[in-house]
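What follows is a short report on a single structure.
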Amino acid sequence: MRLPSGGRIDRGKPLRFTFDGRAYSGVAGDTLASALLANGVHLLGRSFKYHRPRGLLSAGAEEPNALVELDCGPGRREPNTRATMVPLVEGLTARSQNRFPSLRLDLAAAASLFGPLLPAGFYYKTFLGPGREAWHRRWEPLIRRMAGLGRAPEAPDPDRYAHRYAHCETLVIGAGRAGIAAALAAAEAGDRVILCDEQPELGGRRLLSAGEVPGLAALRANPRVTLLPRTTAFHYGLQNFVSLAEILDRPDGLRERLWQVRAVRVVLATGALERPLPFRDNDRPGVMLADAARAYAARWAVLPGRQAVLLAAHDSGYEAAFALQEAGARIAAILDLRAAPPLADTARARGIEVRAAHGIAATRGGVRVSGVLAAPLRPDGSPDAARATPISCDLVLMAGGWTPNLALFSQARGKLRWDAAADAFLPGEVAEALTCTGACATGRGPGHPVAAIAAGALTARHAFVDPQNDVTTRDIALAVQEGFRAIEHVKRYTTTGMATDQGKVGGMLGLATAAAASGRTVPETGHTTFRPPYTPVSFGTLAGRHRGPLFDPIRTPPSHEWAEARGAVFEPVGQWQRARAYPQAGEALREAVARECLAVRQQAGLLDASTLGKIEITGPDAAELLERCYVNAVHSLRPGRCRYALLLREDGFLFDDGVLARLAEDRFHLTTTTGGAAHVLHLLEDYAQTEFPELRAWLTSTTEHWGVAALQGPAAREMLAPLVRGCDLAALPHMAVTEAEVAGIPARLFRVSFTGEPGYEINVPSDRLPALWEALIDAGATPYGTDAMHVLRAEKGYVIVGQETDGTVTPLDLGLGWAIGKGKRDFIGKRSLARAEMQRPDRRQLVGLAPLDGRLPEEGAQLLATSGARVAEGHVTSAYASAALGKPIALGLLAGGRARHGETVQATRLDCPRQPLLVVPPVFWDPEGKRLHG
Amino acid sequence: MLLITCPWCGPRPEIEFRHAGEAHIARPADPAAVSDAAWAAYLYERSNPRGEHAERWRHAHGCGRFFNARRHTLTDRISATTKPGETP
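Listed in order, the protein sequences are those of chains A and B.
Once you know that position 336 of the first sequence is 336 in our numbering, the rest is easy, because the numbers rise by one and skip nothing.
Take any residue in the second sequence, note its place counting from 1, add 1000, and you have its number in our numbering.
Take a look at the structure:
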C-alpha cells in the first residue's frame, strides 16, 4: 500500500510495468520490489527445491527470494534478477521463475507436503551406492524439471559492455555515513577518490531519512572525486586491485561497465546485514527483515503490511517497529527472545504489547502470512508450542541482529576474528592497505546471542536458514549428526550459503546452527570462505568487448586473402588460421588433399609456410650461443649452409625443431615450429641472459617480418629459375641459403625440404609475399595446404614436434641421433641423455606402421604386442591416406621399435576390433633420398 | 592481478610478465662431471617454501629481460625485484 506522502520517490512520474502478464503502475524512484509491494503483490517466486511460495525478505542486494526474469526483447531476457535491485522503468516486463503452471498454483509445491523429501546430502546418498540406478532413472529427470532458477537467454546480447582501468589513492566501497566521511577525509587530503555503492542512490541507511544526504554535495563538487552509484565491488584482488561492476543501462546501448581499480588504499564501508530468525515457516511471504520493512516505508513510501508482529533479538527491530507505527501500521505485538528487552517500556509507552522471552512457534497463512503462534520460550530457547497463542497479522518483522558485511575483507585475505562483546566476526589482520569503517568494522551492537538463537531452533520444522537453497536448521543438524564437523564440509553437504546470494542473509545463522548442533561455540566452529563475486555479475560485463571476432586474436599468413577468395578450407593452428586445402569446384576435401599431394610428388606445390617461427641471432658470439643450446655442431656450419636443428630441454626431451641457417659468421636465421616460436625465444633468451651473459649474442623475433613460400616438387627448380636474379639455382645444393631477387623481390632463398622432394623456401618481406605467391602460381605451382603437408612429411618419416613427441621423447627415440654434433662437450639436455634410463633399448621408438587390413589406423590408438595383451607398448602418432603410395600409412612410437621391423602389432581402441599393423621403417617414400638431392 | 616492478621498466601489471621458476639454481659448469643424483636434483628439486621465495620473472611483453624477485608464497607480496647479480 502506497503512503500518501513521504519517501524518496516522484509521485508525479507514473511508470507502467507488468509482472507475470498483469499490468501495474509504480512511480519514478521505485524498485521493482517496492512497486510490487505498493500494488499489494507479495508472492514473487517459488523456492529452489520445494517450490515454496516466497516473497521479499529484504530491500537490498542480499535478497534471496525475489528472483525474477526481466524481458526487454530479443537478447535482453535476463534471469535471476533481484527485484530489490531493479530500478523501475517505463514498460518493464518481469516474470516469476521456477513455477508450474503458475506462481499462485504451483503443483510442484506438493513436494513440501512430503516433508524431508530432499534432506541434506540427498544427492550424495542417492547418487552413490545402490541408489545410483534409481537416481538416473527417476530422481535426476524429476529434480532437473523441478529444481532450479531462471532460464538462460538464447539470443545473442545486442548490448555493449565496456571495460575501464582506473587508478586512485583511495577507493571507498559503500556510500553510507561512514563511507561518505572516509571519502571526504581522503578528498580533503588531496587524494584521487573513487566512491562506489551498489544502490542507485548514494547514502546507505541515511536514505531512510528524507532530504539531501550530508557530504554528497561536497564530494560532487570535487573534481578529484569519482562517484559511482549502481556499482558493485565484486572482486578484491591482490594489491588492492578491485573489480567494480557498474550498471549504466544507457539509451545508446552501453549496458554495464567493468572497472578495474588499482588503489593505494581501500576503505571498506560495506555496513552490516540484518539476520533473519529461524522459526517454523519463517519463509512465508509477508515475513520480512525488520529493517527492510522500515526501508520500504521510508524510502519508497510503501507499507508492506497493516498489522505487524515483530520478533526481536536486537534493539534495531524496535526502531523499525516504531517507524512503521508512525507510517500508519499497527504493531500487534513485539515478541522478544530476550528476557529483559531494554526498549520494552518505550514500546509499551507507544501502546505496543511486548512479550519478553517469547518466540514464534509457527506462522499461519497460505501464500501470505495471516498470523503467528506466539509462544513463551522453554529453558533451551525453543518456543513452547503447547502454550502458544495466535496473533493475527499480515506482516512479520524479523530483527535477528546484524552481521558485519566482510565478504570483500575476506576476499582480500583478511582474517576474521570473533568478538564476543559484539557477538560477531569482526575484521582482524589483513596484509593489504585496507581499512574497515562503520558497521562493517564494529557491527551494530549485540543483541540476543546468535548461538542462543540457533540453539533454540535446532528441532523446529521448516525453519529456513538459507532460503535461496532451501536449507533448514534441521538439515544442518542432520549433517552434524552424520559426522560433518568442519564448517566447509557442512556447507557443501547441505549447500547452505552456496546459492547466488552467497549466504549473505543465512551464512552466520548457518554456522551458529552447526555450532549449536555440534555443541561447540561459534568461534570454535569457524566460518566459511567468502568467494568472489560478491553478487552475481553478468557475462557481458566480464567479457566487455572481447566477443565475436575480438574474443581471441586471429593471425593470418600473408596469402590468407588469396586463399579465402579461392574457397580454401582453413584450420586453426594456435592463433593462426592456416589453409588445410584448396578444394576445386565439386571436389571433396579428401580428394583435394590427394590431388595436392600428387602435384607435389609429380610436379611442384606451393605452401604458405609464413607461420613458422623465425629468430635472427646476431653478434660475435652468436655461433657459440647456438652451439651451447642446440644439439647440432654449429661452429662447423659454414655461411650459406643450413642444418636441421634440434633443441632439447635440460631433461633431454625434444622441445622444438627447425632449420638453422648461417647467413654470415655472426648472423643466423633460425626457424622454429609454428606453435613453438615464443617458447623457443623465451628459452634461448633465458640461457643468453642468465646462464651465458658473457656471450655477445642478440636474439630478435622475425616471425612476422618474413613471408615464406615453400615451393616443393621435382619441377620446383624449373618453375623458379626464370623468376630468380642474382643466384645460380643449379649451384645451390640441398640445405643451403643465399640472397637473391625472386619475382623482383629481395629474398632469402633456402633450399630445404619438408616433403622429400627438392624444394625451396623463399623468404620475402611479409607484405611482398602475395606478389611472390601470384608469380609462383602463374609459373604453374599447385597450392597445397597443411593436410597435404602432413601427409607428405609422414611419407618421408619426418616428425612433427607435439605429434610424434609429447615431452617424453628424445632425439634418439626418433632416430635423430645423427643430428647431434659429434664430440660436443655440452648442450642443453646432453647430460640427461647420458642417464641410464635414456639408453634403455626398450624405450618407445619411432616406427612406421603398415595396416595389414588396408584401413586407416586411428591416431592415438594403443599398440599391443598380441591381441590378448593387456599392456600397451606404444601408440599411433600419425595416420594418413597416402595418395603417392595408394594405401594408408602410419607412424607410431613402439617399445624397442627399431629392433621390431617385420613384427605385427595390434592397434586397439575402445569398442573397436583390433587392427593388425606391420612394423616397418618410418620412411615410406624414397628411403634412399635420391629425389631430395636430384 | 599482481603489480610487479620490473627493475628496468618500473611497476607493470602481471599480465606483462612470465614466471620463470625458482631463482639461483645454478647450472653445473661441467654437467658431464656431476653424478646422476646431483643432475636430477638440479633438474627437479626445488625448495617450494611456505613463505619468502626467491624466483625469476621475465618481462616478456615489455623489455624481455629476466630478473629476480622475492615473493611471499602465502600473501603473494613481492618485497623486492632485482637485476641479475644485484642484491636487494
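Here a beta-carbon is modelled for each residue, glycine too, at the ideal position from N, C-alpha and C.
Check for me: the alpha helix (DSSP H) holding residue i runs from which residue to which?
i: Trp-402 of chain A; result: Taken as a continuous stretch (DSSP letters only), Trp-402 of chain A belongs to no alpha helix (DSSP H), being part of the beta strand (DSSP E) at 402-404.
i: Tyr-798 of chain A; result: Element bounds for Tyr-798 of chain A: n/a, residue is neither H nor E.
i: Lys-491 of chain A; result: 487-494
i: Pro-318 of chain A; result: Correcting the residue identity first, residue 318 of chain A is Tyr in this sequence and not Pro. Element bounds for Tyr-318 of chain A: 316-327.
i: His-42 of chain A; result: No alpha helix (DSSP H) holds His-42 of chain A; DSSP gives it neither H nor E.
i: Gly-179 of chain A; result: 177-188
i: Gly-507 of chain A; result: 507-517
Looking at chain B, is there any beta carbon in it that lies within less than 8 Å of the beta carbon of residue i?
i: Ala-431 of chain A; result: yes
i: His-679 of chain A; result: no
i: Phe-234 of chain A; result: no
i: Gly-237 of chain A; result: yes
i: Asp-686 of chain A; result: yes
i: His-705 of chain A; result: no
i: His-682 of chain A; result: yes
i: Phe-114 of chain A; result: Low confidence applies to Phe-114 of chain A: its pLDDT is 48, below 50, so where it sits in the model is not reliable, and the reading given next is rough at best. No, no contact with chain B.
Using a cut-off of 8 Å between C-beta atoms, extract the partners of residue i located in chain A.
i: Arg-1070 of chain B; result: What Arg-1070 of chain B touches in chain A: nothing, since even the nearest Cβ is about 15 Å away.
i: Trp-1039 of chain B; result: Arg-831, Ser-832 and Arg-835
Chain B partners of residue i, CB-CB under 9 Å?
i: Gln-689 of chain A; result: Arg-1058, Gly-1064, Arg-1065, Phe-1066 and Pro-1084
If residue i and residue j are in contact, beta carbons under 8 Å, what's the gap, nearest whole angstrom?
i: Pro-888 of chain A; j: Gly-854 of chain A; result: 7 Å
i: Gly-400 of chain A; j: Glu-198 of chain A; result: The pair is not a contact, with the Cβ atoms about 22 Å apart (cut-off 8 Å).
i: Thr-673 of chain A; j: Gly-613 of chain A; result: 7 Å
i: Thr-943 of chain A; j: Ala-463 of chain A; result: As displayed, chain A neither begins before 1 nor continues past 934, which places residue 943 of chain A out of reach and without an answer.
i: Glu-935 of chain A; j: Thr-500 of chain A; result: Shown here, chain A extends from 1 to 934; a query on residue 935 of chain A therefore has no answer.
i: Ile-334 of chain A; j: Ile-352 of chain A; result: 6 Å
i: Ala-861 of chain A; j: Ala-907 of chain A; result: 4 Å
i: Asp-268 of chain A; j: Gly-174 of chain A; result: Before going on, a small fix: residue 268 of chain A reads as Leu here, not Asp. Contact holds; Cβ gap of about 7 Å.
i: Val-939 of chain A; j: Cys-393 of chain A; result: Nothing can be reported for residue 939 of chain A, as the shown portion of chain A is limited to 1 through 934.
i: Trp-773 of chain A; j: Ser-559 of chain A; result: 5 Å
i: Arg-667 of chain A; j: Ala-594 of chain A; result: So it is not a contact: roughly 41 Å between Cβ atoms.
Is there at least one Cβ from chain A nearer than 8 Å to residue i's Cβ?
i: Ala-1032 of chain B; result: yes
i: Arg-1077 of chain B; result: yes
i: Thr-1005 of chain B; result: no
i: Pro-1088 of chain B; result: no
i: Ala-1080 of chain B; result: no
i: Arg-1018 of chain B; result: yes
i: Gly-1010 of chain B; result: no
Tell me which residue opens and which closes the beta strand (DSSP E) that residue i is part of.
i: Glu-78 of chain A; result: 77-82
i: Ser-370 of chain A; result: 369-376
i: Ile-777 of chain A; result: Where Ile-777 of chain A is concerned, there is no enclosing beta strand (DSSP E), although the alpha helix (DSSP H) it sits in stretches over 769-778.
i: Ser-701 of chain A; result: 698-701
i: Ala-581 of chain A; result: 576-581
List the residues of chain A that residue i touches, going by C-beta distances under 7 Å, in chain order.
i: Arg-1027 of chain B; result: Glu-691
Checking contacts by CB at 8 Å: is residue i closer than that to chain E?
i: Gly-574 of chain A; result: No chain E appears in the structure shown, which is made up of the protein chains A and B.
So with CB distances below 7 Å, who are the chain B contacts of residue i?
i: Phe-241 of chain A; result: Met-1001
(request) Can you give me, in chain order, the residues of the segment 398-430 of chain A that have a beta carbon less than 8 Å from any beta carbon in chain B? (result) Arg-413
(message) Along the segment 809-836 of chain A, where does the CB come closer than 8 Å to a CB of chain B? Name the residues.
(response) Arg-825, Asp-826, Lys-830, Arg-831, Ser-832, Ala-834, Arg-835 and Ala-836
(request) Could you please tell me which residues of the segment 260-285 of chain A, in chain order, have their CB closer than 9 Å to any CB of chain B? (result) Gln-260 and Arg-262
(message) Which residues of the segment 637-657 of chain A have a Cβ closer than 7 Å to any Cβ of chain B? Give them in chain order.
(response) Glu-650 and Asp-651
(request) Taking only beta carbons into account, state which residues of the segment 346-361 of chain A come closer than 9 Å to chain B, listed in chain order. (result) none
(request) Can you give me, in chain order, the residues of the segment 158-172 of chain A that have a beta carbon less than 7 Å from any beta carbon in chain B? (result) none
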